Amino acid sequence: MAGTCTEEELTTLRRMLEWRAPAPTDARLLNVFMDQNNKCNLRCLTCGFSDARVPALGKYDMPRWLYDRIAAEVFPHCRHVCLSLMTEPFMTRDFPDRLMALREYEVPFSEVHTNGTLLTARAIEKTLDARMNRIIFSIDGGTKAVYEGLRPGARFEQVLANWNALRSARDSRGQTLPALRINHVLSEPNIDTFDRFLALAEELKADELGVRTVARMSEAKIQQSTDDAFWEKVRAVRVSLAAFCARTGIRNSSFLRDRPTPIELTLDSGEAMTCRYPWDWLSIYPNGDAFPCMAWSRPRIGSFVDQTFEEIWNGAALAELRREFEAVRPGVDCLHCTIRKAADDPDDDFFFRKLAMPPPPLQRP
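So the sequence shown is numbered by my numbering: it starts at 5 and just counts up by one.
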């Protein structure tokens, strides 16, 4: 297998892929990632929101009636809920209020991804009141110039101030949760300043780091690199990241791939490890459509606008998909998945397709 992953590192990756927080039960088996809108206030170069087609799209929030229905039907079955998927959740007007459903339905592990630019004092208080497990800020540079160059529309100082305000408010309550994680996407414009990013993470007293390379998101300005020199740098970053986390105690909570080519894993039995998303995962979009994963460009498996959770989860579409997964046995490398793309999607345009979906009715049908 190409690349430089040691067996210990591959074991770590297997453990991460098998992570289900917390362990599943008959009642709580689902991991749900759910967008609240189709909007973002930034145009980050590694994200599909930098696609030139995006500004012309109509913008909308998931109506509250639809969110409340999904929360009531789905959250009691969840062990893990992330209330963001591809978009900026705090652009939804009442998003801080929506967080309380996580506490109401006693979701064991909950989190949210944000670019960190829109946090207000009220949003911070609501976030802490919801007793979430983790808040993830996306920070792709350790300096103002690098960060703002990759994230047009953001102000470096504002994001750091919002991070510090959230951390201070959490600590003043005597809480240890939510854990504060920084996600960092490596690309050619920032990889040579990774040491400055690590210094920033230490200054910010991050609890966790998630470092990864660029993944394709429709026609984003920056795409996955095929340059051998870039991947050599990634392998060096892996070493420095491991040493940094060992020294500081900051948790490395993601896996940094070391190659653009497929990664294949085996179970202890020697059998190839395969994707199990159709059995324990739902991606839900602001129009109510449900898919087995974020990058799916084949037809939806259902819609919460006119179907119940039971109808979707036990329906014919998902049953057929599970049979297909058992037969095809796609691997665990999402970047090279053999099954997720539709025949009419040769360009892997899943991100734009999701943003362009028509909005749901404002009132419950």
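Using N, Cα and C, we set each Cβ at its ideal position, and we do this for glycine too. Small disclaimer: the values here were computed from a predicted structure and weren't measured.
For the beta strand (DSSP E) that residue i lies in, which residues bound it at each end?
i: T217; result: 212–217
i: D293; result: 293–295
i: W285; result: 285–288
i: L34; result: 34–38
i: C82; result: 82–86
Just to confirm my understanding: we take residue i, look at its own chain, exclude 5 residues before and 5 after, and list those with CB closer than 7 Å. What are they?
i: G7; result: Because the pLDDT at G7 is just 48, under 50, the model does not fix this residue reliably, and the value given afterwards should be weighed accordingly. For G7, where only same-chain residues beyond five positions count, the Cβ hits under 7 Å are D262, R263.
i: R304; result: D293, A294, F295
i: M5; result: Model confidence at M5 stands at a pLDDT of 31, short of 50, so the residue's coordinates are unreliable; what they give is reported in the following sentence. Here the set comprises E268.
i: A247; result: none
i: A134; result: L103, M104, L106, R107
i: R138; result: E115, P182, A183, R185
i: F160; result: K148, Y151, E152
i: C297; result: Y281, W285, S287, R344
i: D101; result: K130
i: A205; result: I186, L213, I254
Excluding sequence positions up to five away, which residues of its chain have a Cβ less than 8 Å from the Cβ of residue i?
i: A219; result: Q228, C338, L339
i: F50; result: Residue identity differs from the one stated: residue 50 is Thr in this sequence, not Phe. Cβ neighbours of T50 beyond the five flanking positions: D144, L154, V189, S191, V218, M221, A224, K225, I226.
i: E328; result: I343
i: S88; result: F37, M38, D39, Q40, V116, H117, T118
i: L61; result: N42, L359, A360
i: C44; result: C51, F53, T91, E92, M95, N119
i: R171; result: L184, L208, K209
i: D72; result: A105
Within a Cβ cutoff of 6 Å, which residues of the same chain sit near residue i, ignoring the five residues on either side of it in sequence?
i: T343; result: What sits at residue 343 in the sequence shown is Ile, not Thr. Contacts found: V332, P334.
i: C341; result: P334
i: L202; result: F248
i: F355; result: G52, M221, S222
i: F313; result: E77, V78
i: W283; result: none
i: N166; result: G120, L123
Return the Cβ separation of residue i and residue j in integer angstroms, given the expectation that the two are a contact with Cβ distance under 8 Å.
i: Y64; j: P290; result: 7 Å
i: R251; j: D211; result: In fact, because the Cβ distance is near 15 Å, the residues do not count as touching under 8 Å.
i: I195; j: F234; result: 7 Å
i: T121; j: A158; result: 5 Å
Would you list the one or two residues that DSSP bridges to residue i?
i: I139; result: V116, L184
i: S307; result: D293
i: N41; result: D65
i: V189; result: R216
i: R255; result: E212
i: T270; result: A276
What residue range does the alpha helix (DSSP H) around residue i cover?
i: G153; result: 148–154
i: R280; result: From DSSP, R280 is part of no alpha helix (DSSP H); its letter is neither H nor E.
i: I128; result: 125–133
i: T252; result: 232–252
i: A203; result: 198–207
i: I316; result: 313–317
i: E223; result: Here E223 belongs to no alpha helix (DSSP H), and DSSP marks it neither H nor E.
i: D175; result: 160–176
i: D101; result: 99–102
i: F355; result: 354–359
Measuring from the CB of residue i, is there a heavy atom of the ligand NAP at a distance below 8 Å?
i: R261; result: This structure simply doesn't include the ligand NAP, nor any ligand for that matter.
Problem set entry | Those runs of the alpha helix (DSSP H) which lie wholly inside the stretch 319–349 and span at least 4 residues | Complete alpha helix (DSSP H) runs here, min 4: 320–332.
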